[in-house]
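**Student:**
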Amino acid sequence: MLRCALTIDDAPGPPGDVSSTLMDGMRRALERHGVKRCVAFVIGERVAGHEAELERWLAAGYELGNHSHEHAAATHLPARAVAHSFERCHAELERLGAFANRRERYARLPFGDRGKSPAERDAIRRSILSLGYTLADVSINLHDFVYAPLLESALADNRHADAAEVERRFANQARDGLRRSEQVTTLQSARGAISVPRDFAHVIALHFVPGTERFLERLLSAWSAHVGWVSLADAVHHLRALRRRRRAQWRDRGCAARRALAGARYGARAHAARREGGPAAPSRRPQRAALASLDALRLRCANDAQSNDSAARGADRDPVGQPDGPQRHRSEHPR
Ligand SMILES: [Zn+2]
10 MLRCALTIDD APGPPGDVSS TLMDGMRRAL ERHGVKRCVA FVIGERVAGH
60 EAELERWLAA GYELGNHSHE HAAATHLPAR AVAHSFERCH AELERLGAFA
110 NRRERYARLP FGDRGKSPAE RDAIRRSILS LGYTLADVSI NLHDFVYAPL
160 LESALADNRH ADAAEVERRF ANQARDGLRR SEQVTTLQSA RGAISVPRDF
210 AHVIALHFVP GTERFLERLL SAWSAHVGWV SLADAVHHLR ALRRRRRAQW
260 RDRGCAARRA LAGARYGARA HAARREGGPA APSRRPQRAA LASLDALRLR
310 CANDAQSNDS AARGADRDPV GQPDGPQRHR SEHPR
């Protein structure tokens, strides 16, 4: 059984007209499926006005983590500004009682961006750790923020066939991600990509965006037989042990030689698979194909919505599939 820790980023939801039922809906889905542990990573500046949902989340036994105050990419800011952003969000989380009863403190950098230079990255990491946080990486990103707006717009326009198609594609993409993860997955480390074996406890990321509620429901129904849900602390502990082991391997065998060997092995496996028509080697860019195949559907939704709009409501509505959210989120956790 694959062990996974579930995390949901960008709490309590998108800026502006955040649906106040979004967090409650996600929480109820977790409770219905008996998932006892989930960390919601909070954007500090979006807390005001949503304290009640965040407190209900904590009261249900789930956790809150620090996702910075403004959700800016660390590459675009000096290290001191990033540190300040995490401090401000920390103050919000303290105010909500997120760390009462010695609860764990987790932090996640927006977009998985650790900073623009080794010195900056080190300074950012140290400043976050100095607040008592554990940095929580992601090993399976489900890209729900790409699918969710398509689902929402299809439902809003009563295009039920398109809505079902989006849900089906999300489920397939998530299932493929999980299958690949059962075999092997790849993580970026300071020394390059490392292969991770199947005994690794994964960290899954979803996002608080309207529409994801349905994906979460579907995912928990489909995955409950294959996945054992563990705490983020356990998954991170596992990841650290694995990295220590890998670091020792890099040291022992020589970084360059090992990297060349890994590349040659991958190339040979892929070549053999192509020649024999057998199962393909795991893709290095696994979700890219699934996301690219969404473009046709996105375009169709946009065309449908535009014709619906001009027929029924005039042309004052944004074309479907091109809201600000997913464009902005496109590069989130790019790996
Ligand atoms: Zn985020």
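For the sequence shown, our numbering begins at 10 and goes up steadily by one. Here a beta-carbon is modelled for each residue, glycine too, at the ideal position from N, C-alpha and C.
Whose beta carbon lies closer than 5 Å to any heavy atom of ligand 1, going through the chain in order?
**Tutor:** Taken from the N-terminal end onward, the list reads 18, 19 and 119.
**Student:** Quick check: the stretch 225-233 against the stretch 176-186, are there 3 or more CB pairs under 8 Å?
**Tutor:** The stretch 225-233, when compared against the stretch 176-186, does touch it at the 8 Å Cβ threshold.
**Student:** Use the C-beta contact count for residue 138: other C-beta atoms within 10 angstroms, 16 or more gives buried, fewer gives exposed.
**Tutor:** Classification for residue 138: exposed.
**Student:** Assuming contact is defined by CB atoms lying nearer than 8 Å, are residue 101 and residue 56 in contact in what I supplied?
**Tutor:** Yes; because the gap between Cβ atoms is below 8 Å, this pair is in contact.
**Student:** Distance, Cα to Cα, residue 80 vs residue 254?
**Tutor:** Going from the Cα of residue 80 to the Cα of residue 254 covers about 32 Å.
**Student:** Given this structure, state the Cα-to-Cα distance separating residue 131 from residue 164, to the nearest angstrom.
**Tutor:** Those two C-alpha atoms are separated by around 45 Å.
**Student:** Under the rule that 16 or more other beta-carbon atoms within 10 Å means buried, what is residue 110, buried or exposed?
**Tutor:** Residue 110 is exposed by the Cβ-count criterion.
**Student:** Whole angstroms are fine: how far does the CA of residue 76 sit from the CA of residue 20?
**Tutor:** Whole-angstrom Cα-Cα distance: 9 Å.
**Student:** Skipping 5 residues on each side, what residues in its chain have a beta carbon closer than 6 Å to that of residue 242?
**Tutor:** Same-chain partners within the cutoff: 113.
**Student:** Can you round the beta-carbon distance between residue 212 and residue 16 to whole angstroms, since I take them to be within the 8 Å contact cut?
**Tutor:** With 8 Å as the limit, residue 212 and residue 16 qualify as a contact, their Cβ atoms being about 6 Å apart.
**Student:** Leaving out five residues on either side along the sequence, give the residues of the same chain with a beta carbon under 6 Å from the beta carbon of residue 31.
**Tutor:** So the list reads 22 and 217, once near-sequence residues are dropped.
**Student:** Should residue 95 and residue 61 be called a contact, given that it needs their Cβ atoms to be closer than 8 Å?
**Tutor:** Their beta carbons are not under 8 Å apart, which means residue 95 does not touch residue 61 by this criterion.
**Student:** Assuming residue 216 is part of the beta strand (DSSP E), what are its boundary residues?
**Tutor:** It spans 211-216 - the beta strand (DSSP E) in which residue 216 sits, taken as one unbroken run.
**Student:** Compute the distance between the beta-carbons of residue 234 and residue 18, then report whether it is under 8 Å.
**Tutor:** Contact flag unset, no.
**Student:** Alpha carbons only, please: which of 183, 134 and 156 is nearest the one belonging to residue 146?
**Tutor:** Looking at the Cα atoms, 134 is the closest of the given residues.
**Student:** Bridge partners of residue 237, per DSSP?
**Tutor:** Per DSSP, 12.
**Student:** Looking at the unbroken beta strand (DSSP E) that takes in residue 48, where does it start and where does it end?
**Tutor:** Where residue 48 is concerned, the enclosing beta strand (DSSP E) stretches over 48-51.
**Student:** Can you tell me whether residue 156 is helix, strand or coil according to DSSP?
**Tutor:** Helix, per DSSP.
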